[in-house]
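Q: The opening position of the sequence shown corresponds to residue 688 in the working numbering, with each subsequent residue numbered one higher.
First the structure, which I've put down as structure tokens, then a few questions once you've had a look.
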Amino acid sequence: MSNERASDLARVCTELVRSGNDFPTVWTTKLKRHPLVSGIPHQRLAGTRSLLDIPLITGERLVFDGDARKFSLG
């Protein structure tokens, strides 16, 4: 198992997006088989924003905001 924490994963994924990678690329190359990820992304709306929630084994979720080009913990 990886020693990477959920907050580290959010930071690394944000860096990947801000360096020009789109969500499908980050999902395929970093998240899909990551030991912290426990399921597939689920889309939800928060006001007018479309967010993707990715469940983690910690009980948290990694939240991707495409408009802000940022991953955070939820």
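Glycine is no exception: its CB is placed at the ideal position from the N, C-alpha and C atoms.
Just so you know, these numbers come straight off a predicted model, no measurement behind them.
When we look at the beta-carbon of Arg-731 and count the other beta-carbons within 10 Å, is it buried (16 or more) or exposed?
A: It is exposed - the Cβ of Arg-731 has fewer than 16 other Cβ atoms within 10 Å.
Q: Keeping to the same chain, check which residues put their C-beta closer than 6 Å to that of Thr-745; ignore five residues upstream and five downstream.
A: Answer for Thr-745: Ala-693, listed in chain order.
Q: Given this structure, state the Cα-to-Cα distance separating Trp-714 from Val-750, to the nearest angstrom.
A: So the alpha carbons of these two residues sit roughly 12 Å apart.
Q: Give a single yes or no on whether Gly-726 has its beta carbon closer than 6 Å to a heavy atom of the ligand MG.
A: For the structure depicted, the ligand MG is absent and the ligand set is empty, with no information on it obtainable.
Q: Buried or exposed: which applies to His-721, given that a residue is buried once 16 or more other Cβ atoms fall within 10 Å of its Cβ?
A: Buried, by the Cβ-count rule.
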